[in-house]
Structures are given as C-alpha cells and as structure tokens.
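J.: For reference, the structure I am asking about is given below.
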Amino acid sequence: MSAGIRKVGSYRRARATLEPYWFMAPAAIMLATVYLGPMIYAVMTSTTHWVLTEPGSENIRAGLENYKDVLGAPSFWQAVKITLLYTLTSVTLSLTLGTLLALLLDNELHFASFFRSIMLIPMVITPAVIAIFWKLLYEQEQGVLNSLLVAMGFAKVAWLGLDHAFFAMVIMDSWQNTPFFMLVILAGLQSVDSNLMDAARVDGANVFQRFRYVVLPHLVPYMLIAAAFRGIATMNDFDKIWLLTQGGPGEATTTITVYTYKIAFSSFDMGRTTAIALIFVVIVLVTSAPLLRHLFRTARRPA
Numbered sequence: 001m002s003a004g005i006r007k008v009g010s011y012r013r014a015r016a017t018l019e020p021y022w023f024m025a026p027a028a029i030m031l032a033t034v035y036l037g038p039m040i041y042a043v044m045t046s047t048t049h050w051v052l053t054e055p056g057s058e059n060i061r062a063g064l065e066n067y068k069d070v071l072g073a074p075s076f077w078q079a080v081k082i083t084l085l086y087t088l089t090s091v092t093l094s095l096t097l098g099t100l101l102a103l104l105l106d107n108e109l110h111f112a113s114f115f116r117s118i119m120l121i122p123m124v125i126t127p128a129v130i131a132i133f134w135k136l137l138y139e140q141e142q143g144v145l146n147s148l149l150v151a152m153g154f155a156k157v158a159w160l161g162l163d164h165a166f167f168a169m170v171i172m173d174s175w176q177n178t179p180f181f182m183l184v185i186l187a188g189l190q191s192v193d194s195n196l197m198d199a200a201r202v203d204g205a206n207v208f209q210r211f212r213y214v215v216l217p218h219l220v221p222y223m224l225i226a227a228a229f230r231g232i233a234t235m236n237d238f239d240k241i242w243l244l245t246q247g248g249p250g251e252a253t254t255t256i257t258v259y260t261y262k263i264a265f266s267s268f269d270m271g272r273t274t275a276i277a278l279i280f281v282v283i284v285l286v287t288s289a290p291l292l293r294h295l296f297r298t299a300r301r302p303a
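Counting from 1, one number per residue, gives the positions in the sequence shown under the UniProt record's numbering.
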C-alpha cells in the first residue's frame, strides 16, 4: 500500500510540474505553425534551383550552391554595408534627437502636452506616405527644400543624387523614428527617483553632473530597449527606401531588403532569393545579440 501511495504522489507531482506547459501548448503550437513551418520550407527552397519562369525547376536540388553564389557576390556585401551603416547612423541620430527632445519636454513648459502630441505625428504616419512626402521635399526643381535654398541665395542640391541620397534616406527615417525614442526616454525620465535628485542637489551637483551620474545610468536600459527595437526594424526597412530611391542611384541606397526584392523580381530566382533572406536573418541575429545581451545583463543587475 505504501508503494502505491508513493506512486500516486509521484504522479501528482509530475502532473503539477507539467501543468504550466499544458497552458503554454496552444501558443507554442500556433507559433510553431506560423513561424517554424515557413522557416523549414524556406530552408528547403533555398537548396533548390527554383526559378518561376522555369516550370519544374523547384524539384532541382542545388545543395549549398545558392549560398555560395550569394556570399561570393560583391553586390551582396555592398548591400550589407549599406544596411549596417544606414541602421547605425539612423538609430544614433534618432536616439540623440529623441533624448534632447525628451529632456526638453520633461520640464514644466507651457503647452508641453500640445508639443508632445505634435511630435508624435511622424510615428503614426504610414511609411509609404512618409516616403512620398519626403520625395516631394527632396525634388530638385520644385521641391520645398531647394526652393528655400534658392530663396536664401544658395544653389540647388541634388538631394536624391549619388552624393546625398544616403543621407537623405537617413534624415527621412530619423524624422519618423525620433518620436519613438523621445516617448521611451521621456517615460524613463519621469520614473527617475526624485529622492536621488534631491540628494544630488544637496551634495552640490550641478545640472550636468546630475544628468551624468543620476539620470543617464537610469536611462541606459530604456535607450537599449529602444535601440534594439528600432535597430531590428530599420534593418528590415523596405517600403520607404523603395518609394524614395528604389535603391539608387546605382547602389547608393540598396539595402539587403531592396537587394532581395530586386533579385526576386528581376530574375525570379526563388532559391537564391530565399538564401539571401535566410542569411539576412543570421545577420540580424548576430548584430542585435550583443545589444540584447547587454540589455538583459543590465536588467538582472541588482539596483
């Protein structure tokens, strides 16, 4: 009888241990169906010579040939370079401007709520509309920016030309995403412990010292979270870039997403296109991993 009681107790303990996983099972099954299934299919597709204009080519196995072709193409590495530089420049600029705006709006200013609402508008506009809006601003002959330059006595600038297209793209993206950084960092500023600020004032710390030693360490996790989210999103940016420059002139603004689109709809090579997409996933994971690791380490650090 004691052996039977022990078995029943062991069964109940095992059931209690597995019970949380049963609650997680529906979500896990859904995620596996939505993400894992297409990922496996993509891996299988990337090992074929599937070209949409060649019926039956999806059954021709290519092994790792598509990956070798992609990794050996100078145009691919140029797209990787443009993508990383675009992401780093845009996120850095947006983070800097967002921090300055958050510090400004954290003070008791007149009409502060109105200004906050106005500054959030770029964040909620559709990316396609933003691209069309900035393309009109950048237009060389009748654009607003060049009209202002001419009115001030300066020469017109080819904003979407070879020398300025990349920076025009960065400015457009920063204009859209600066409010996101402002919102996140403003939330961090409003959660700073007032007792620490009062203690710093009593100790004689000036404004810059209070920001450097009290406010900034508190804001670091907020900055990392915002930078991680926006960095991943910026690397995946496509619609704004395509509508603004279509990756040109030349390859000046050809990011990996634009490069993948061109390969997919110029040669219709689905095997090679899928290989590019999978390599891009690895690049995103590798580049974002250090930032996420530092973020989690900071979150686990005791206060």
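The beta-carbon is built from N, C-alpha and C at its ideal position, and this holds for glycine as well.
Taking E65 as part of the alpha helix (DSSP H), name the residues at either end of that continuous run.
T.: To locate residue 65, count along the sequence shown from 1; it is residue 65. Residues E65 to L71.
J.: Go through the segment 149-233 residue by residue and report every complete run of the alpha helix (DSSP H) that reaches 4 residues or more, in order.
T.: 165-189, 194-202 and 207-210
J.: If I'm right that T253 touches T245 with Cβ under 8 Å, what's the distance once you round it to whole angstroms?
T.: Position 253 of the sequence shown, counting from 1, holds the residue named residue 253. Position 245 of the sequence shown, counting from 1, holds the residue named residue 245. Confirmed, about 4 Å.
J.: Starting from G98 and walking both ways along the alpha helix (DSSP H), at which residues does that stretch end?
T.: Position 98 of the sequence shown, counted from the start, is the residue given in the question as residue 98. Element bounds for G98: P74 to L105.
J.: Taking I263 as part of the alpha helix (DSSP H), name the residues at either end of that continuous run.
T.: Here residue 263 corresponds to residue number 263 of the sequence shown, with the count starting at 1. It spans I256 to S266 - the alpha helix (DSSP H) in which I263 sits, taken as one unbroken run.
J.: So what does DSSP say about T287, is it helix, strand or coil?
T.: Start at 1 with the first residue of the sequence shown, and residue 287 comes out as number 287. Three-state DSSP puts T287 in a helix.
J.: Check the DSSP bridge columns for T48 and list the partner residues they point to.
T.: Here residue 48 refers to the residue found at position 48 when the sequence shown is read from its first residue. The partner list for T48 (beta bridge, DSSP) reads R61.
J.: Which of the three DSSP states, helix, strand or coil, is assigned to D237?
T.: Counting from one through the sequence shown, the residue named residue 237 turns up at place 237. Looking at D237 - three-state DSSP - the assignment turns out to be coil, as it is neither helix nor strand.
J.: CA-CA distance, L52 and K262?
T.: Residue 52 sits at position 52 when you count from the first residue of the sequence shown. Residue 262 sits at position 262 when you count from the first residue of the sequence shown. Each residue's alpha carbon lies about 14 Å from the other.
J.: Quick one: give me the first and last residue of the alpha helix (DSSP H) that L36 is part of.
T.: Within the sequence shown, numbered from 1, the residue matching residue 36 stands at position 36. Per DSSP, L36 belongs to no alpha helix (DSSP H) and is neither H nor E.
J.: Just to confirm, is the Cβ distance from M182 to A102 under 8 Å?
T.: Along the sequence shown, read from residue 1 onward, the residue named residue 182 stands at position 182. Along the sequence shown, read from residue 1 onward, the residue named residue 102 stands at position 102. In contact: M182 and A102 (Cβ atoms closer than 8 Å).
J.: For A303, which of helix, strand or coil comes out of DSSP?
T.: Here residue 303 is taken as the residue at index 303 of the sequence shown, counted from 1. Any answer about A303 is weak, because its pLDDT of 47 lies below 50 and its placement is not dependable; what the coordinates show is given next. Coil.
J.: Only counting the same chain, and skipping five residues up and downstream in sequence, which positions put a Cβ closer than 7 Å to that of M1?
T.: Position 1 of the sequence shown, counted from the start, is the residue given in the question as residue 1. Because the pLDDT at M1 is just 48, under 50, the model does not fix this residue reliably, and the point stays unresolved.
J.: So, at 7 Å on beta carbons, what are the nonlocal neighbours of L145 in its own chain, with the 5 sequence-adjacent residues on each side left out?
T.: Mapped onto the sequence shown, residue 145 falls at position 145. So the qualifying residues of the chain are L137, Y138 and W159.
J.: Go through its chain and collect everything with a Cβ distance to L291's Cβ below 8 Å, but skip five positions before and after it.
T.: Counting from one through the sequence shown, the residue named residue 291 turns up at place 291. Around L291: L224, A227, A228 and G231.
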